[in-house]
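The numbering of the sequence shown is full-length UniProt numbering, which starts it at 1 and goes up by one.
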Amino acid sequence: MTGRVPADDVLNNAVGDKYFSLKSTYFGLPEERLSSGLQGRMEGVFAPALSSMALAQNSVLANQPDQVARCLESVAARIVKCAHVFDAMTPRDTANFDPVVWIKTYPAMGRAVTSGELGNSGVDAPLFHALDVFIGRQQVKGDLRGMQSDRRATLPTNIRAFLDALGDDAGSVRDYVAAARAQLEHVPSEEQAQYKHLSAAWDGLLQLYVWFLERHRVKAVGITGVTLNTGRHSTSSGVKSGDQDKAMKDGKPKMRPEAMLSMQMKKGMVSRLGGRPLWQDAHVQSHSVYRGSVVVAVKLDATLPLEPGDRVQIWPPRKRKTLNRASSHHRRLRGSPCPEDHDTSSGESDDDGEPRFYSIARVIPNVSSTAMDSVGGAGGMTIILTVAQHSPEGLVSSFLSSAAPGTHLRLRPWPSPRFRQPRDLAVPLVLVGQGVGIGPLVGFLHDRATKKQRLDDTQNESAGEGELLLVVAAKTLRHVPCSLDSLEELTSRLPLTIVLALSQETHLKIRGGIWTKLPQGGRRVTRHLTDYRDFIQRLVKEKKGHVFVCGSSDFGVTVMNTLGLGQLPQQQQQHQEGPQPQQANDGPDDGSPVHIPSPPPHWNQLHQDLFTMVKKPNRSTPSCSPTACRSASSSGPKGPIISLSKLAAHNSVKSCWIAIGGTVYDMTPFLAFHPGGPKTLLESAGTIADERFAETHGGPHAQEIRGYLERHAIGRLSTATTELGRQTTTAKLVKALVRMQNALTNNTAFDAGRGSVPTYAYEDSLLVFADGLDGLICSLSDFGTDKSASELRETISNTQASLRNAFKALKDGSKRFLMAAGTKGASASSSTLLDESEALIQRLHRKPIEKLHAAMNACKEGISEAEVGMNDDSSAKVCDACYDENGDVLKRVLERFCISLTSVAKDLLTSPRWPSMSADPPSLNKRPSAERKISAQRNLRCQA
Numbered sequence: 001m002t003g004r005v006p007a008d009d010v011l012n013n014a015v016g017d018k019y020f021s022l023k024s025t026y027f028g029l030p031e032e033r034l035s036s037g038l039q040g041r042m043e044g045v046f047a048p049a050l051s052s053m054a055l056a057q058n059s060v061l062a063n064q065p066d067q068v069a070r071c072l073e074s075v076a077a078r079i080v081k082c083a084h085v086f087d088a089m090t091p092r093d094t095a096n097f098d099p100v101v102w103i104k105t106y107p108a109m110g111r112a113v114t115s116g117e118l119g120n121s122g123v124d125a126p127l128f129h130a131l132d133v134f135i136g137r138q139q140v141k142g143d144l145r146g147m148q149s150d151r152r153a154t155l156p157t158n159i160r161a162f163l164d165a166l167g168d169d170a171g172s173v174r175d176y177v178a179a180a181r182a183q184l185e186h187v188p189s190e191e192q193a194q195y196k197h198l199s200a201a202w203d204g205l206l207q208l209y210v211w212f213l214e215r216h217r218v219k220a221v222g223i224t225g226v227t228l229n230t231g232r233h234s235t236s237s238g239v240k241s242g243d244q245d246k247a248m249k250d251g252k253p254k255m256r257p258e259a260m261l262s263m264q265m266k267k268g269m270v271s272r273l274g275g276r277p278l279w280q281d282a283h284v285q286s287h288s289v290y291r292g293s294v295v296v297a298v299k300l301d302a303t304l305p306l307e308p309g310d311r312v313q314i315w316p317p318r319k320r321k322t323l324n325r326a327s328s329h330h331r332r333l334r335g336s337p338c339p340e341d342h343d344t345s346s347g348e349s350d351d352d353g354e355p356r357f358y359s360i361a362r363v364i365p366n367v368s369s370t371a372m373d374s375v376g377g378a379g380g381m382t383i384i385l386t387v388a389q390h391s392p393e394g395l396v397s398s399f400l401s402s403a404a405p406g407t408h409l410r411l412r413p414w415p416s417p418r419f420r421q422p423r424d425l426a427v428p429l430v431l432v433g434q435g436v437g438i439g440p441l442v443g444f445l446h447d448r449a450t451k452k453q454r455l456d457d458t459q460n461e462s463a464g465e466g467e468l469l470l471v472v473a474a475k476t477l478r479h480v481p482c483s484l485d486s487l488e489e490l491t492s493r494l495p496l497t498i499v500l501a502l503s504q505e506t507h508l509k510i511r512g513g514i515w516t517k518l519p520q521g522g523r524r525v526t527r528h529l530t531d532y533r534d535f536i537q538r539l540v541k542e543k544k545g546h547v548f549v550c551g552s553s554d555f556g557v558t559v560m561n562t563l564g565l566g567q568l569p570q571q572q573q574q575h576q577e578g579p580q581p582q583q584a585n586d587g588p589d590d591g592s593p594v595h596i597p598s599p600p601p602h603w604n605q606l607h608q609d610l611f612t613m614v615k616k617p618n619r620s621t622p623s624c625s626p627t628a629c630r631s632a633s634s635s636g637p638k639g640p641i642i643s644l645s646k647l648a649a650h651n652s653v654k655s656c657w658i659a660i661g662g663t664v665y666d667m668t669p670f671l672a673f674h675p676g677g678p679k680t681l682l683e684s685a686g687t688i689a690d691e692r693f694a695e696t697h698g699g700p701h702a703q704e705i706r707g708y709l710e711r712h713a714i715g716r717l718s719t720a721t722t723e724l725g726r727q728t729t730t731a732k733l734v735k736a737l738v739r740m741q742n743a744l745t746n747n748t749a750f751d752a753g754r755g756s757v758p759t760y761a762y763e764d765s766l767l768v769f770a771d772g773l774d775g776l777i778c779s780l781s782d783f784g785t786d787k788s789a790s791e792l793r794e795t796i797s798n799t800q801a802s803l804r805n806a807f808k809a810l811k812d813g814s815k816r817f818l819m820a821a822g823t824k825g826a827s828a829s830s831s832t833l834l835d836e837s838e839a840l841i842q843r844l845h846r847k848p849i850e851k852l853h854a855a856m857n858a859c860k861e862g863i864s865e866a867e868v869g870m871n872d873d874s875s876a877k878v879c880d881a882c883y884d885e886n887g888d889v890l891k892r893v894l895e896r897f898c899i900s901l902t903s904v905a906k907d908l909l910t911s912p913r914w915p916s917m918s919a920d921p922p923s924l925n926k927r928p929s930a931e932r933k934i935s936a937q938r939n940l941r942c943q944a
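(1) Give me the Cβ distance between G394 and A473, rounded to the nearest whole Å; I'm assuming they're in contact under 8 angstroms.
(2) Taking C-beta to C-beta, are L901 and L803 nearer than 8 angstroms?
(3) Use the C-beta contact count for V480: other C-beta atoms within 10 angstroms, 16 or more gives buried, fewer gives exposed.
(4) Buried or exposed: where does T450 fall if 16 or more other Cβ atoms within 10 Å of its Cβ makes it buried?
(5) Let me know the beta strand (DSSP E) ranges lying completely inside the segment 428-510, each 3 residues or longer, listed in chain order.
(6) What did DSSP end up calling K544 once you bin it into helix, strand or coil?
(7) Using the C-alpha atoms, what's the distance from E505 back to F97?
(8) Given K196, which residues of its chain have a CB within under 6 angstroms of its CB, disregarding the five upstream and five downstream residues?
(9) Is E31 near V101, with beta carbons less than 8 angstroms apart?
(10) Thinking C-alpha only, which one of S765, C859, G813 is nearest L776?
(11) Assuming R418 and Y358 are in contact, meaning their beta carbons sit under 8 angstroms apart, how far apart are those beta carbons, in whole angstroms?
(12) From L518, R78, H528, G887, pick the residue whose C-alpha is nearest to that of V432; which is it?
(13) Compare the Cα-Cα distances from S293 to each of L166, R478, F162, M260 and report the closest residue.
(14) Report the residue from P758, E763, S864, L709 whose alpha carbon sits nearest the alpha carbon of T728.
(15) DSSP on S864, reduced to helix/strand/coil?
(16) Span of the beta strand (DSSP E) holding P357?
(17) Rounded to whole angstroms, what is the Cα-Cα separation between D531 and V471?
(18) Let me know the alpha helix (DSSP H) ranges lying completely inside the segment 137-212, each 4 residues or longer, listed in chain order.
(19) Give, in chain order, every unbroken run of the beta strand (DSSP E) that is at least 3 residues long and sits entirely within the segment 282-311.
(20) Over the uninterrupted alpha helix (DSSP H) stretch that includes V101, give me the two end residues.
(21) What residue range is occupied by the uninterrupted beta strand (DSSP E) comprising F611?
(22) Within 8 angstroms, do at least three Cβ pairs link the segment 887-899 to the segment 786-799?
(23) DSSP on L894, reduced to helix/strand/coil?
(24) Put H408 into one of helix, strand or coil per three-state DSSP.
(25) With L445 and L490 assumed to form a contact (beta carbons below 8 angstroms), what rounded beta-carbon distance in angstroms separates them?
(26) In three-state DSSP terms, what is S416?
(27) Between S645 and E467, is the Cβ-Cβ spacing less than 8 angstroms?
(28) Which residues in the same chain as R152 place their Cβ atom closer than 8 angstroms to its Cβ, once the five residues preceding and following it in sequence are excluded?
(29) According to the neighbour-count rule (16 or more other Cβ atoms, all chains shown, within 10 Å of its Cβ), is P597 buried or exposed?
(30) Sort out for me which residues DSSP pairs M381 with in a bridge.
(31) Look at the Cβ atom of P65, then the Cβ atom of Q207, and state whether they are nearer than 8 angstroms.
(32) Just verifying my parser: in three-state terms, what is the DSSP assignment at residue 945?
(33) Kindly indicate which three-state DSSP category K906 falls into: helix, strand or coil?
(34) Give every residue of the same chain whose Cβ lies closer than 8 angstroms to the Cβ of K808, excluding the five residues on either side of it in the sequence, and list them in chain order.
(35) Taking Cβ to Cβ, would you say G512 is nearer than 8 angstroms to T94?
(36) Using only the alpha-carbon positions, how far apart do L273 and E214 sit?
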């Protein structure tokens, strides 16, 4: 079984003949269809890079630096293409990818069967082996390199032979680039350009490789955090709790497995950089000044796979002494305090100020008509950035706006696959930009016009072209950060309508090169969006058009609300009823398990690149101590003070609050839009998620995430300290309850569009809940040592035993019922019976799950009331007897909780569960027939 999944990936994808296909299916689930062959598809996309690698080594031997550089650029372009394939498997598509279903199916087939065997892992992919050998990655202890070395020994002979040849020191590109860099100052000036080109191309390859690995890390950490709460204690590649001690110093708490995985992957990224920095050396080429913005042309010495809509990070100029140009950024990758990307001066005397993201408006190769992926392409490119003119506190923007031509920049490439326009010219585009956000959208149009011209030159007949609409939100014509003549020309070359929504001047429209004044009315962009709403919705729904929005965070919300896109049905209804005051969902949370929210219709056709001014928070530890929380809160949003107990009460699909950096966010409306899927948010619902946020997003994209979060802020976390022992106990109890409840939600709630869910995906969820009571018992360790406290712990322990017996009986009964259905009657009717039985089992789990949620909500509420009493007693400095009375209240709350749980266990053990096979089938949605048939066979094998 260990080798089956990788073998199938090869067989399904490596044939190379489009008329021949070989397919093997184990589960018939969408998670398998997304996962199966993913590595193989990536290998297929990456395959041309292997030729470029070989040619690069031959060029090293022939001492042709420009040719080597072009080969490196080609390999870098293939890495970005691989990222596009990798992004196809997204947790946001909840109907087709659920991390809990996924971990119980596809990865389960890749687990090691016996001790000493290798489980399936992402590093099985030969492309990673090839890249690491090609860049001359050095041995680094403590990361995944050892595992990769073991796996390399199991690769086919021909692949190992190629890797050995690729690692031949005689053709080492790494050594060749290092030697060229060392002699750069000693060669004639006319030869320096090719060595600069070579050095920049090498750094670009390393930086884009690390960019790809960072995308992988973020996704892996998010999914692993959810899936390890399903009862699994290790990943298929072997990362588990037992590994934690290896990387921890004595006296420090153990790391969670997902944190361990993140740390390993970060170390792997550092080792691949090999001492080189995260940034490119670039230079300002020219400025074009507009009202409120500056268009900056930046020259790079290498041709990198960047497009309009992608991003770059730019560092501010160094202020003081020159430090090791790579060390601080390698430290960030390894997991030291995360970079706080901002555009405000901190006043610190730090040589390495934090970088700022900027969207690319245009990309201009030094030699026209150069194919990015062609080995014969020229090196060097110019990128155009549109920079807002902020107040003097905008450190990086002010630096860019005033930098003289030739000024050195430190620039990191950061492709944004989710904000790239479709390649097909027939796909309609709706582009809505605000201020400097207009830049990349106009860049899309220039690229379309160029591609259309190429097609017109090579084809007798023009291909079909999709309709284009650009809506520009600006104050005046002088605030539009591009040439108005170029806009007019674009409308003559493309089926393009441009609407200029000018808040301080007459609104204008350009179509076919003709300018038209629009009737006076409300000077808001929403007026035009409303006029075009039906037209835009037809383009999206009927012609598969894409919508791109670039502007401030608030602007993005306004645009999508006005167009009626990117909204869930209830949000659309609220919008139609008119604007309502923005407030958090502060009502009681009934905690009933509901379906995980589906993404809005056409979600993969809607794209937003939103920005915000982010103030740099004070540096603090991820745990958010009271001092840190107070510091963060002081600069946080204006709003109510929210206690920990109130935060903990909002941890469900219906009401999901999360605290980060002292600010509380209502993430409920974001569940359906979160790129990492709703379950990664629900894992942290009702908690202080500083550590989780820093672990997942504490990297170069943190600024982007904070921009999206800003609109969801609802208040500040209470900074009240808890000095007394029993107050500490209440916080621990609530935290344990929230963790148990979040795991139960993630393990039992699924997208409604899936229909019935295979039993094996959630059959252990209730047993995992029972195991979670261990955390509750541990939380009572400082509650007291008297007889009463001991009896309370014993009561919880007995309740746990009762639940385990009941939940095991439910699991075993489910298996027997499925086996009976699977062996009854002919094969066709048997498949139907299995599907109906699967749906019935899901229904039978629903009632106890609802009761468990109700019990936990009641317990959290009771603990909160007891905590309020303790706080009042403490502030009034009353006698110990009063304080003990509140402790008794807490004890009674926990006893009632145990009674509720025991009732659930008794109901399961005494109530009749299983109807006869002749009973009417339950009225639940069914999965597709082919999927049901395969699942039926799989269920029988699982029971056997």
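Ideal Cβ placement from N, Cα and C applies to all residues, glycine included.
According to the structure shown:
(1) By one-based count along the sequence shown, residue 394 stands at place 394. By one-based count along the sequence shown, residue 473 stands at place 473. G394 to A473, Cβ: 21 angstroms. No contact.
(2) Here residue 901 refers to the residue found at position 901 when the sequence shown is read from its first residue. Here residue 803 refers to the residue found at position 803 when the sequence shown is read from its first residue. For the pair L901 and L803, the CB atoms are nearer than the 8 angstroms cut-off.
(3) Within the sequence shown, numbered from 1, the residue matching residue 480 stands at position 480. With 16 or more other Cβ atoms within 10 Å, it is buried.
(4) Taking the sequence shown and counting its residues from 1, one reaches residue 450 at position 450. Classification of T450: exposed, given that the 10 Å Cβ count is below 16.
(5) Complete beta strand (DSSP E) runs here, min 3: 429-434, 468-474, 496-502.
(6) Here residue 544 corresponds to residue number 544 of the sequence shown, with the count starting at 1. Note: K544 maps to coil in three-state DSSP.
(7) The count along the sequence shown starts at 1 and reaches residue 97 at position 97. The count along the sequence shown starts at 1 and reaches residue 505 at position 505. For F97 and E505, the distance between alpha carbons rounds to 48 angstroms.
(8) Sequence index remark: in the sequence shown, residue 196 carries index 196 (1-based). Scanning its chain for C-beta atoms nearer than 6 angstroms, with the 5 sequence neighbours on each side dropped, one finds around K196 the residues D301, in chain order.
(9) For the purposes of this step, residue 31 is identified with residue 31 of the sequence shown, where counting begins at 1. For the purposes of this step, residue 101 is identified with residue 101 of the sequence shown, where counting begins at 1. It is a contact, given that the beta carbons lie within the stated cut-off.
(10) Taking the sequence shown and counting its residues from 1, the one referred to as residue 776 is at position 776. Ranking the options by Cα distance to L776, first place goes to C859.
(11) Here residue 418 is taken as the residue at index 418 of the sequence shown, counted from 1. Here residue 358 is taken as the residue at index 358 of the sequence shown, counted from 1. For R418 against Y358, the beta-carbon gap comes to about 17 angstroms, at or over 8 angstroms, which does not count as contact.
(12) Walking along the sequence shown from the start, residue 432 turns up at place 432. For V432, the closest C-alpha among the options L518, R78, H528, G887 is that of H528.
(13) One-based indexing of the sequence shown puts residue 293 at position 293. Out of L166, R478, F162, M260, R478 has the C-alpha closest to the C-alpha of S293.
(14) Here residue 728 corresponds to residue number 728 of the sequence shown, with the count starting at 1. Nearest C-alpha to T728: S864.
(15) The count along the sequence shown starts at 1 and reaches residue 864 at position 864. Note: S864 maps to helix in three-state DSSP.
(16) The residue given as residue 357 occupies position 357 in the sequence shown. Here residue 357 turns out to be Phe, not Pro, going by the sequence shown. Per DSSP, F357 belongs to the beta strand (DSSP E) from 356-365.
(17) Stepping through the sequence shown from its first residue, residue 531 is reached at position 531. Stepping through the sequence shown from its first residue, residue 471 is reached at position 471. So the two alpha carbons sit approximately 12 angstroms from each other.
(18) The qualifying runs are 145-152, 157-166, 173-182.
(19) Counting whole runs of 3 or more residues, the segment 282-311 contains the beta strand (DSSP E) stretches 293-300.
(20) Mapped onto the sequence shown, residue 101 falls at position 101. Unbroken alpha helix (DSSP H) run through V101: 99-103.
(21) In the sequence shown, residue 611 corresponds to position 611, counting from 1. Residues 606-611.
(22) Between the segment 786-799 and the segment 887-899 there are three or more inter-stretch CB-CB distances shorter than 8 angstroms, so the stretches are counted as touching.
(23) Position 894 of the sequence shown, counted from the first residue, corresponds to residue 894. Here L894 carries a helix assignment [DSSP, helix/strand/coil].
(24) Mapped onto the sequence shown, residue 408 falls at position 408. If DSSP states are grouped into helix, strand and coil, H408 belongs with the strands.
(25) Taking the sequence shown and counting its residues from 1, one reaches residue 445 at position 445. Taking the sequence shown and counting its residues from 1, one reaches residue 490 at position 490. At roughly 5 angstroms, the Cβ-Cβ gap stays under 8 angstroms, so L445 and L490 are in contact.
(26) On the sequence shown, position 416 is the one that residue 416 refers to. DSSP places S416 in coil when its eight states are reduced to three.
(27) As a working mapping, residue 645 is identified with position 645 in the sequence shown. As a working mapping, residue 467 is identified with position 467 in the sequence shown. Their beta carbons are not under 8 angstroms apart, which means S645 does not touch E467 by this criterion.
(28) As a working note, residue 152 is residue 152 in the sequence shown. In the same chain as R152, and ignoring 5 residues on each side of it, the C-beta atoms closer than 8 angstroms to its own belong to H129, R160, L163, in chain order.
(29) Taking the first residue of the sequence shown as 1, we reach residue 597 at position 597. Buried is the call here.
(30) Residue 381 sits at position 381 when you count from the first residue of the sequence shown. The beta-bridge partner set that DSSP reports for M381 consists of L300, P365.
(31) By 1-based counting over the sequence shown, the position of residue 65 is 65. By 1-based counting over the sequence shown, the position of residue 207 is 207. Going by C-beta atoms, P65 is not nearer than 8 angstroms to Q207.
(32) Only positions 1 to 944 of the chain appear in this structure, which leaves residue 945 out of reach.
(33) Within the sequence shown, numbered from 1, the residue matching residue 906 stands at position 906. In this structure, K906 counts as helix in the three-state DSSP scheme.
(34) To locate residue 808, count along the sequence shown from 1; it is residue 808. Around K808: L767.
(35) In the sequence shown, residue 512 corresponds to position 512, counting from 1. In the sequence shown, residue 94 corresponds to position 94, counting from 1. No; because the gap between Cβ atoms is not below 8 angstroms, this pair is not in contact.
(36) Taking the first residue of the sequence shown as 1, we reach residue 273 at position 273. Taking the first residue of the sequence shown as 1, we reach residue 214 at position 214. C-alpha separation (whole angstroms): 13 angstroms.
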